[in-house]
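Let me begin by presenting the structure, written as structure tokens, before commenting on it.
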Amino acid sequence: MTTFPRLVRLFTNVRFRRLVVSGTTVVVGAGACAYYWPEIAFFGRTVGRATRTAFTVGLISLDYKRHFPRAVDLHPLGEEEWRRRRNKVHMRGAQRLLLLFQQNGGIYIKVGQHLAALEYILPPEYSSKMAVLQNAAPQSSLAEVAHVILDEFGCPMHKVFSTFDVTPIGAASLAQVHRAVLRDTGEEVAVKVQHRRLQSHMDSDMFVIATAVKVVRRIFPEFDLNWVAEEMKTNLPKELDFVHEGHNSERLLKNLQHYGRTSLSGPGTVVRIPKVHWDFTSKRVLTMEYLPGAKATDRRFMEQNSIDPHQVSSLITQVFSEMIFIHGFVHCDPHPGNLLVRPRPLSSGWSLFRLWRQPFELVVIDHGLYRELSDVFRHDFAGLWKSVLEADEVQMKHYAERLGGGDAHRLFSCILTQRSWQTISTGGLVAPRSASERAEILAKAPEYLGQVAELLARVPRQLLLVLKTNDLLRHLERALARPDEPSRTFTIMAHYCLDVVGDSFLRRCYLHLKLYLLDIYLRFLYKL
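Everything in the sequence shown is counted per UniProt numbering, starting at 1 for the first residue and increasing by one.
Right under this line is the structure:
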């Protein structure tokens, strides 16, 4: 009888009621936090990434506003000091941007890799700093990889693969690749697994990046990079769908299936596209044939295996020229890590192939980013290239206008070839790029940044990725050639342009013969 009154007095005690309410609140709050922790953690990461981006963009913009010398400062400062100050601001901005991309990872790494290829629009400090991201992508742990495979296939990793290498053979901004062996067939395969949290952050990251680009444009109206954000928003969902990538690879294999007997690079060369294992492929996991090889810029590997770098360069140019001008279906990410070279064993017995250097296979991987080109675009783009190669300024202007370049045909041609107008106008594209020409291009590039950005903002969207592909191919060519060597790239491309542009049959035959004779001369002169 005495217990009940005590309980009544206890519950009517103000301090006790406060203690009960506080304890209940803590317990319920802790339970809610535990239940909703994934969402809370995701929100925290999203806010952190956005805040870091806003702070970095603001810091870079403020630095440019306060310390970047303007054109009117050239005379009082003197040219040398003026350039030194500009370069210092560019370098600080590039370092801050690189740190942002590395800290945020994921899609930000992809943006940095794209910026690294924009030498014709960004100051060299930015393109050189961003180049670090080509080989510095973050890696997912094996536990995260196993989690993705479990989500996609509904069974643990060891049920699908009898062996699975812990260390990836390649890691990129969107995914990483592991060597494995299929449990059912015992076949050695390469397994591409998307980074686990990538898709969850994609929409918020793209919104933040697009907003940052718009802010930069408002602060610096002459510097319009909206097209970069728009292209990424369009293409990223396709790159993140590995089923789509598998279909792209099969379509390319069909387009290039005639390679294998002879080519402009010499007999015995083959283009290989890894076969897709569809039973073990999903939106976030791609299982394909394992075809090991060295990067297309690894000259030491080529020397060790008696592979001629010039033949490699020629075959790459031939393959991508056919993609652009003949099929209109273009692999738009041909950086060295996506083009592998491996020796191809010769058949036993005597063969005419033995009169040549060791034949090789070119392996094309990473088929997530492609662009389809319309017939009208292919014709106009081929016409522009043909007019550039022939130094025909009237036709250059005609085709540049058709492609959205307006009257900026000279600038357009320089972007396309990465050569000076003096070289283009005198028909000197085949000649090697001299140190003085390179210095001239680098010195004048800052003066044309605004014009280049404006030009790229108004050209057709299908041209943007083709220009990116073109830039990466020029990088590859320079990496595989000696500085004093002439370029066979332009003569090879010219053959394909002639097949597209509607000249008469006899004129095409004459021009093809002229190009073949020029190519033979270059081979003889530099012993290709």
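All C-beta atoms, glycine included, are put in the ideal place defined by N, C-alpha and C.
Keep in mind that this is a model prediction, so the values were computed, not measured.
- The residue from H67, P76, G93 with its alpha-carbon nearest to that of F55 is G93.
- Closest by C-alpha distance to D241, out of I219, L174, A190, is L174.
- In terms of Cβ geometry, A116 and Q134 form a close pair [threshold 9 Å].
- Note on geometry: alpha-carbon atoms of S127 and A435 lie some 19 Å from one another.
- The segment 247-255 makes no contact with the segment 375-387; the number of CB pairs closer than 8 Å stays below 3.
- Within the DSSP bridge table, the entry for H178 names V191 as partners.
- R419 places its beta carbon 9 Å or farther from that of R410.
- The beta carbons of N226 and A457 sit closer together than 9 Å.
- Note that the C-beta distance between L389 and V364 is not below 9 Å.
- Of all alpha-carbon atoms in P292, V459, M323, E79, the one lying nearest the alpha-carbon of R402 is that of V459.
- Boundaries around E231 are those of the alpha helix (DSSP H), 226-239, since no beta strand (DSSP E) includes it.
- Scanning its chain for C-beta atoms nearer than 7 Å, with the 5 sequence neighbours on each side dropped, one finds around D333 the residues D366, L369, in chain order.
- M288: not part of any alpha helix (DSSP H); member of the beta strand (DSSP E) spanning 285-289, first to last residue.
- Y448 has no beta-bridge partner at all, per DSSP.
- Boundaries of the beta strand (DSSP E) around T163: 161-164.
- In this chain, E250 is not harboured by any beta strand (DSSP E); it is covered by the alpha helix (DSSP H) spanning 242-255.
- Taking every protein chain shown into account, the CB of Q318 has 16 or more other CB atoms within 10 angstroms, so this residue is buried.
- Collapsing the DSSP output to three states places R371 in a strand.
- Per the DSSP secondary-structure output, H331 pairs in a beta bridge with Y370.
- Note: L340 is bridge-paired with K295, V363 in the DSSP secondary-structure output.
- In the DSSP assignment, V319 falls within the unbroken alpha helix (DSSP H) covering 309-321.
- In the three-state reduction of the DSSP assignment, G93 falls in the helix class, which pools H, G and I.
- Only residues of its own chain outside the window of five on either side were considered, and among them A137, Q139 have a CB closer than 6 Å to the CB of A171, listed in chain order.
- Taking a contact as a CB-CB distance under 8 Å, the pair E393 and F329 does not count as one, their CB atoms being some 31 Å apart.
- By the neighbour-count criterion, in which 16 or more other beta carbons inside 10 Å mark a residue as buried, I169 falls on the exposed side.
- The criterion of a C-beta distance shorter than 9 Å is not satisfied by I415 and L464.
- A171 has Q176 as its beta-bridge partners, per DSSP.
- Take the alpha-carbon of S313 and the one of G48: they are about 44 Å apart.
- Per DSSP, V271 is one residue of the beta strand (DSSP E) stretching across 270-272.
- When V89, F161, P123, R299 are compared, the shortest CA-CA separation from R66 is found for V89.
- Apart from sequence neighbours up to five positions away, the residues of its chain that approach L442 with a beta-carbon distance below 8 Å are P124, ordered along the chain.
- Contact between A294 and L476 fails: their C-beta atoms lie close to 13 Å from each other, not under 8 Å.
- Your pair R179 and Y108 does not check out as a contact, with CB atoms roughly 28 Å apart and the cut at 8 Å.
- For C497, the uninterrupted alpha helix (DSSP H) run begins and ends at 489-500, by DSSP.
- Exclusion of the five residues before and after I324 leaves V330, L373, R378, F381, V466, T469, Y496 as the residues of its chain whose Cβ lies within less than 8 Å of its Cβ.
- Rounded to whole angstroms, the gap between the alpha carbons of H201 and L498 is 46 Å.
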